[in-house]
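Engineer:
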Amino acid sequence: MYVKIIAKTVKEKKFSEKLKFWKNYKGKDAFDDLSGKHAGVCYMKDTYEVINKEPRKKTLGRIKQTKVGGHHSVYDHNFLTLELSGISKAMAMLLNNEKWYVTSEKSGRYTVIKGSKQEEELYNKWCKIFEEEISKAYKNSNPKFFTDLKIKKLAMENARYLNSIYSRGVIMVYTISYRQLNYLYGFFKELIEKGSDKKFYQKLMPEIKEFYNELSKLPYIDELLIKNGKNRTFTLINTKPDPEEYFGDVYQTTFKATIPCFAQNIRHRTLWCSMNDIPKKPTYYVPPIISGNKELSKQWLTDISSNEENVPQGMLFTCHEAGTLDSFVLKLYERKCTTAQLEINELANLQLKKYSKALKSKKHARAEELSDFMKGSRCTFSGYTCTMPCGFKEGINETRKI
27 MYVKIIAKTV
37 KEKKFSEKLK
47 FWKNYKGKDA
57 FDDLSGKHAG
67 VCYMKDTYEV
77 INKEPRKKTL
87 GRIKQTKVGG
97 HHSVYDHNFL
107 TLELSGISKA
117 MAMLLNNEKW
127 YVTSEKSGRY
137 TVIKGSKQEE
147 ELYNKWCKIF
157 EEEISKAYKN
167 SNPKFFTDLK
177 IKKLAMENAR
187 YLNSIYSRGV
197 IMVYTISYRQ
207 LNYLYGFFKE
217 LIEKGSDKKF
227 YQKLMPEIKE
237 FYNELSKLPY
247 IDELLIKNGK
257 NRTFTLINTK
267 PDPEEYFGDV
277 YQTTFKATIP
287 CFAQNIRHRT
297 LWCSMNDIPK
307 KPTYYVPPII
317 SGNKELSKQW
327 LTDISSNEEN
337 VPQGMLFTCH
347 EAGTLDSFVL
357 KLYERKCTTA
367 QLEINELANL
377 QLKKYSKALK
387 SKKHARAEEL
397 SDFMKGSRCT
407 FSGYTCTMPC
417 GFKEGINETR
427 KI
């Protein structure tokens, strides 16, 4: 595992030039100073410039007061960007489900899977099969869209369903605040000390301990910020009874999805998501490009289930999602597209049908609004203009199998 700081919040140059002590403070001390001054804005009598020039002792007093008193939001003014390499899909999801953050993650379409010998053999086998099946179905009829490179990347995207969610192949750039870094550190610490009855966390524990140790080396961990006064913890794995399904101005729904699909779903930061623990009796997603072929479907289920103990990405989980009607519409603009992963495109349509039916049954004022999104991909939405038309008919009318 590789964790490195590649960017951080810095003070405006003209301010740093006026503060002689600035060069003497590094790491969290510099962040504390900035946030301590920002905390003074809440009740300042003059301007920020006056606070910026205040005696160091006054700033230190405010820093202590806010940390001890739990007024930690001021420490969200400082941001760190981390380069994370050699982490698993499970760890990436754990991090990406906590707000607030920004992630740029290397796509499964561009990542050659590295794992056990068995995983690599199965991955290479199915990359070849998917390339053949995609070519047979679409290459001749859509040569401009389905180039050799496009077909290869789509094959990789589907073959990665075989790979374990705990394999360390993810690379991403992750930006969080100074406060959030400390909260995550505290969450990891508590999970290590108390353990968990959730199989997902038990299997992830070696990586959790390693990641925790890497974070402890950073000069931004503060004991007062990691204290968990509100009993918060990681939100990825649901620890409560499954929520009731509801559709209105706000919504809450439960569905089955694979890890790649759900990982994309939680990237919508306007939504609130969780999933249940690893199922005791696993079922698996069969990519539509092979689902109509009995022999290939049988082979697929045999191969993917052979890696059950390591939890392949194609295993279906019970997932939960909540948000507002407007946040759901925003998701439709992202996921109803030919270039979107097929599984999450299908999920968006399934949820759209349920949402529309529920609103119509209660004669909701916005019931008809959802009808506009049921004609096909987003290029069919009223008022939306696609800047990169695909020309792929089956993609636009949402009958594609890849």
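In the numbering used here, the protein residues as written are 27 to 428.
Idealized CB from N, CA, C, for every residue including glycine.
The structure displayed is predicted, hence computed values, not measured ones.
(1) What span of residues does the beta strand (DSSP E) with Val-128 cover, start to end?
(2) Going by other Cβ atoms of all chains shown within 10 Å of its Cβ, with 16 needed for buried, is Trp-22 buried or exposed?
(3) Where does Lys-30 sit, in a helix, a strand or coil, going by DSSP?
(4) Using C-beta distances below 7 Å, list every residue in its chain close to Tyr-311, excluding the 5 sequence neighbours before and after it, in chain order.
(5) Helix, strand or coil, according to DSSP, for Phe-214 in the structure here?
(6) My parser needs the alpha helix (DSSP H) runs of 4 or more residues fully inside the segment 184-261; what are they?
(7) Can you tell me whether Asp-248 is buried or exposed? The criterion is at least 16 other CB atoms within 10 Å of its CB, across all chains shown.
(8) Going by C-alpha distance, which of Leu-86, Glu-75, Lys-71 is nearest Ala-56?
(9) Between which two residues does the beta strand (DSSP E) harbouring Cys-299 extend?
(10) Please report the straight-line C-alpha distance between Phe-171 and Thr-129, rounded to a whole angstrom.
(11) Within its chain, find whatever has a CB closer than 7 Å to the CB of Ser-167; leave out the 5 residues flanking it on each side and keep chain order.
(12) Please state the DSSP three-state secondary structure of Glu-124.
(13) If I follow the unbroken beta strand (DSSP E) through Ile-113, where does it start and stop?
(14) Count the C-beta pairs between the segment 321-341 and the segment 179-195 that are closer than 8 Å, then say yes if the count reaches three, no if not.
(15) Output the distance between the C-alpha atoms of Ser-161 and Asn-208, rounded to the nearest integer angstrom.
(16) Let me know the beta strand (DSSP E) ranges lying completely inside the segment 260-343, each 3 residues or longer, listed in chain order.
(17) Can you check whether the C-beta of His-103 is within less than 9 Å of a C-beta belonging to chain C?
(18) Beta-carbon separation of Val-100 and Thr-92 under 9 Å?
(19) Buried or exposed: where does Val-337 fall if 16 or more other Cβ atoms within 10 Å of its Cβ makes it buried?
(20) Quick test of your reading: Glu-240 and Met-400, contact by CB under 8 Å. State the CB separation rounded to the nearest angstrom.
(21) What did DSSP end up calling Cys-405 once you bin it into helix, strand or coil?
(22) Along the chain, where does the alpha helix (DSSP H) containing Gly-421 start, and where does it finish?
(23) Among Asp-352, Tyr-136, Ile-155, which one has its Cα closest to the Cα of Val-276?
(24) Please indicate yes or no: does the CB of Glu-183 lie closer than 8 Å to some heavy atom of the ligand SAH?
(25) So if DSSP puts Gly-349 in a beta bridge, which residue, or which two residues, is it bridged to?
(26) Helix, strand or coil, according to DSSP, for His-97 in the structure here?
(27) Thinking C-alpha only, which one of Tyr-204, Ile-252, Leu-175 is nearest Ser-61?
(28) Closest to Met-182 by C-alpha separation, out of Thr-425, Phe-418, Gln-367, would be which residue?
(29) Kindly indicate which residue of Arg-88, Thr-261, Pro-169 has the alpha-carbon position closest to the one of Asn-123.
(30) What residue range does the alpha helix (DSSP H) around Cys-153 cover?
(31) Would you report the Cα separation of Asn-291 and Lys-176, rounded to the nearest angstrom?
(32) By how many angstroms is the C-alpha of Glu-75 removed from the C-alpha of Gln-278?
(33) Measuring CA to CA, which of His-98, Lys-37, Ile-113 is closest to Gly-195?
(34) In this structure, does DSSP put Val-67 in helix, strand or coil?
(35) For Lys-143, which option in Ser-193, Lys-386, Glu-424, Asp-102 has the closest C-alpha, if you only look at C-alpha atoms?
(36) Would Glu-360 and Tyr-164 qualify as a contact pair, given that the criterion is a beta-carbon distance under 9 Å?
Structural biologist: The short version:
(1) 128-131
(2) Residue coverage of the chain in this structure runs from 27 to 428, which leaves residue 22 outside it and unanswerable.
(3) strand
(4) Tyr-187, Thr-284, Gly-340, Leu-342, Glu-369
(5) DSSP places Phe-214 in helix when its eight states are reduced to three.
(6) Look at the segment 184-261 and you find these whole runs of alpha helix (DSSP H), each 4 residues long or longer: 204-220, 225-242, 249-252.
(7) Counting C-beta atoms within 10 angstroms of its own C-beta, Asp-248 has 16 or more neighbours from the protein chains shown and is therefore classed as buried.
(8) Nearest of Leu-86, Glu-75, Lys-71 to Ala-56, Cα basis: Leu-86.
(9) 298-301 is the extent of the beta strand (DSSP E) around Cys-299.
(10) 28 Å
(11) none
(12) Look at Glu-124 here: in three-state DSSP terms it is coil, with no helix or strand label.
(13) 105-113
(14) yes
(15) Answer to the nearest angstrom: the Cα atoms are 49 Å apart.
(16) Here the runs fully enclosed are 276-283, 298-301.
(17) The structure shown contains no chain C; it is built from a single protein chain.
(18) Yes, the pair counts as a contact, with Cβ atoms nearer than the cut-off.
(19) In the assembly as shown, Val-337 is a buried residue. Its beta-carbon has 16 or more other beta-carbons within 10 Å.
(20) With 8 Å as the limit, Glu-240 and Met-400 do not qualify as a contact, their Cβ atoms being about 46 Å apart.
(21) helix
(22) 419-422
(23) Asp-352
(24) In terms of ligand content, the structure shown is empty, and the ligand SAH therefore cannot be addressed.
(25) Tyr-277
(26) coil
(27) Tyr-204
(28) Gln-367
(29) Taking only the C-alpha atoms, the option nearest Asn-123 is Thr-261.
(30) 143-160
(31) Taking the straight line from one Cα to the other gives about 23 Å.
(32) Gln-278 and Glu-75 have their C-alpha atoms spaced approximately 46 Å apart.
(33) Ranking His-98, Lys-37, Ile-113 by Cα distance to Gly-195 puts Ile-113 first.
(34) helix
(35) It is Ser-193.
(36) 9 Å or more divides the Cβ of Glu-360 from the Cβ of Tyr-164.
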